[in-house]
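Residue numbers (the working numbering), protein chains in the order written: chain A, 215 to 704; chain B, 215 to 704.
Ideal Cβ placement from N, Cα and C applies to all residues, glycine included.
Beneath this line is the structure, given in structure tokens, with notes to follow.
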């Protein structure tokens, strides 16, 4: 199924890491009337399904379900010994990642590799219990990183007819997908010869990274983008919004200007939904602060943070600040100019991806977040409150040490053939692997890079550090593949 | 709880690998009246329990259960940085392994290490659902190697207060416990710095090892033990038994001589239970063919295979063979001289260990076995029949490729710091790792070694190759520990 064949594409992507950070966007693109630069859309693949065990680790039932994957063997010409570039799908519809991971396609063409994008269970079309998949933890309970990795191992077992080492397989992934790629290599080194883990915050867990780093990086991105007034205005805006929302006259001005889909009323607490929306917006702007138009997280201009700050060049106050912030927010919320009203509750509407990541955050993916010394209102990390909220929503309580126990946190001395790439403009670099004493781990820092920009297709506007990162990555991957073939000739 | 404190100890140990090989023995030792050499029994430990999640990989429920472990900190004097020697418990009561793994105690004394023996879930006293644990796969379904490894990771997380790398931890294990030790290092290298996997048949799986090797090694052990007449007599005995059991007069002679607890009758098929008993007996004799008396698998004399064959030095036929075989079998079945009747159904009576390993064999531990060119009656490996039997018994069907998918089979290029030791007298060396191109994997071959004899306490009768193996193992482990401490000072 090719995107061009579809009149309307609706992709839900959610990247929510906890109750504080809930980044979600709907990409609605009408391909017949598309003014945005989307990168090449000629990535062709066959959509396939494979039966995988619902539970790879226990035997209380032997249920299976259909996992989706996308496969292209054009560059490999179906050769049984050619490399496989394997994307370890993350929390969303796998087609979104297939269309936004141009580097993998370009590298596959160059290295005559087969391309496979595997969908993560409980996302996209890979719902073990269909529409009931999130009805209770009896259904959703089989959603975990280890189960997903075992799905990928099962899929590759089938693709290689049970002979994993008959082909050199490289895992690719960005963000949570990058975490999975790294963990896949750590746990299944007999299946993949290496992994490119782009913007993979495997250290964004309890005890490994201070909870305030993330928001401080977001703040830095806004600080370096333009004049200092930008961050100053943002800092002032929180109280400004509270003030306007606290009385009838203020609310009238606010509602008139912002054209909310649902007016803020006396009983609404603006610091809940609307502030969370703004939090997500700032994170998304930083993550997608690419040097060219794109619609990965939302339809956005090139360097959206600079564009945003361009509306906040002077130090405003009161209604002037309200207006300037409206203009700035429109860069994010209404870049297409088609917005009829601002629905700031959108990120929190239940949709598959949302529910999936919410559940994962409430079981093993506990990423502590807090705000201090940043442009956000001060807040602490409150595990108990977080846990209570999870119990209320899903009937489960998170295990904040699960990931450390499973994957070792900073202790990756025994791992090999993993590239950890991080952009310094990316807030998720907070939990990234930025250094290592292990010479079999490659660290690539991209000073001008936002969220896994290196995985995106080459673009004329790519900064030098992104181009260099890709050259390094290609070279390392080529070395792995050469070593693989060489070891087979001995 | 110390063995000496118990008047009667009843330990069930089962090492059953498929329907053909079912090795089981009951060790019933009355410590007040014990004429056998048991090795030092002064291994003291505290018995403790820890709550572990029933299911480490899914979140359909958040049930926990009590896992037992034995701990001794005498040699480490409770120092928080001392090494931990950690036994990855296998299919039996953990006290059996604590008392039969003297090498670990001796090494701990030498290296001032804490000693921990962790019980495998669903064995001994670590039954998640008590007496209901095997009532159906709803209960028994959480019995798997990966769940057990996650138990061990959880236990060590607690022991080290969440700082795994605060102490150098070495895993030890023999047989299935050795497989677990090796896999523990492969999957959790951030927790343990190395593993001694003694007689660990991690290659005894579909597609990795021909199914007839095991029985051929058993045959070899009997061949080299004494004169060729021994194996010749065994080969002839199968038809002899069938002949005697096929008519009234023959059965009368057979029953009189063998004093079965339940006479063989016209309707009994002697090739079922009795032949399976003999299969187990030959395997157990080979496994426990130690140079000194012991009661690990059953009360046995030194070099029991030689003793057995000592009764078969001439080529017998007919009733002479029947009588000679009876004398030989008595070496195994009645070494204590206290046997009242021969209960050849014992191995197949349901008991905890039995059920546990049977279930594991019916899910992931599928070890294909067949007999050709051996002293056993010819038989093929029949996966379908095996699977049907499993489905009938447990409602589950085995996945014969699970272990290969999970742990990689022969592809262990990325593993490090694992010692694979194998005795050439041990039938399980059939599935052992006997060679490796990986210089971080140590292979130790013990020509005069039976089943993980190197893990047993030093004994004056140990052959030179066993003594040498232990010296090598100690040296390698010392190197790992030195490297660990050195890396902490950098």
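The residues 370, 371, 404 and 405, in chain order, have a CB closer than 8 Å to that of residue 378(A) in the same chain once the five nearest residues on each side in sequence are set aside. When CB distances to chain B are screened at a threshold of 7 Å, the residues of the region 399–418 of chain A falling below it are 401, 403 and 404, in chain order. The Cβ atoms of residue 410(A) and residue 697(A) do not sit closer than 7 Å to each other. Cβ proximity to chain B below 7 Å picks out 610, 611 and 615 from the region 591–617 of chain A. Rounded to whole angstroms, the gap between the alpha carbons of residue 348(A) and residue 341(A) is 9 Å. Any Cβ of chain B closer than 7 Å to the Cβ of residue 273(A) would place that residue at the interface, and such an atom is present. Taking the Cα positions, residue 368(B) is about 22 Å away from residue 573(A). Using a CB distance cut-off of 7 Å, residue 367(B) counts as an interface residue toward chain A.
Taking residue 594(B) as the centre and dropping the five residues before and after it, the same chain places the C-beta of 584 closer than 6 Å to its C-beta, in chain order. Less than 7 Å divides the Cβ of residue 664(A) from the Cβ of residue 639(A).
Nearest to residue 694(A) by alpha-carbon distance, out of 268(A), 271(A) and 299(A), is 299(A). Within the same chain, and ignoring the five residues on either side of residue 541(B) in sequence, the residues whose Cβ sits closer than 6 Å to its Cβ are 525. Contacts with chain B at 7 Å (Cβ-Cβ) do not include residue 434(A). Assigned with DSSP and collapsed to three states, residue 461(B) falls in coil, not helix or strand. From the listed residues 257(B), 452(B), 267(B) and 261(B), the smallest Cα separation to residue 616(A) is found for 267(B). Secondary-structure assignment with DSSP links residue 280(B) through a beta bridge to 265(B). Within the DSSP secondary-structure output, residue 374(B) pairs in no beta bridge. Chain-order list of chain B residues neighbouring residue 619(A): 367, 368 and 371, by C-beta distance under 7 Å. Between the beta-carbon of residue 447(B) and that of residue 530(B) there is about 6 Å, and that keeps the pair under the 8 Å contact cut.
With a cutoff of 7 Å on beta-carbon distance, residue 578(B) and residue 420(B) are scored as not near each other. Assigned with DSSP and collapsed to three states, residue 302(B) falls in strand.
The DSSP-derived three-state label of residue 669(A) is helix. For residue 350(A), DSSP assigns no beta-bridge partner whatsoever.
Taken through DSSP and simplified to helix, strand or coil, residue 514(B) comes out as strand. Counting only unbroken stretches of 3 or more residues, the beta strand (DSSP E) elements lying wholly within the region 613–643 of chain A are 632–637, in sequence order. For residue 410(A), there is no enclosing alpha helix (DSSP H); the enclosing beta strand (DSSP E) has its first and last residue at 408–412. Apart from the 5 residues on each side of it in sequence, residue 502(B) sits with its Cβ closer than 8 Å to the Cβ of 508, 510, 511, 512, 514, 518, 664 and 665 in its chain, given in chain order. The count of Cβ pairs closer than 8 Å, one atom from the region 328–340 of chain B and one from the region 281–300 of chain B, reaches three, so the stretches are in contact. The beta-carbon distance between residue 641(A) and residue 497(A), rounded to whole angstroms, is 6 Å. This is short enough to meet the 8 Å contact definition.
Burial state of residue 423(A) is buried, judged by a 10 Å Cβ sphere holding 16 or more other Cβ atoms. When only Cα atoms are considered, residue 274(B) and residue 272(A) end up about 12 Å apart. Under DSSP, residue 332(B) takes part in a beta bridge, and its partners are 283(B) and 302(B). Straight-line measurement puts the Cα of residue 296(A) at about 6 Å from the Cα of residue 381(A).
Between residue 336(A) and residue 357(A), the gap from beta carbon to beta carbon is short of 7 Å. Proximity of chain B to residue 662(A) at the Cβ level (cut-off 9 Å) is not reached, the minimal Cβ distance being about 33 Å. Our two residues, residue 597(A) and residue 581(A), have alpha carbons roughly 10 Å apart in a direct line.
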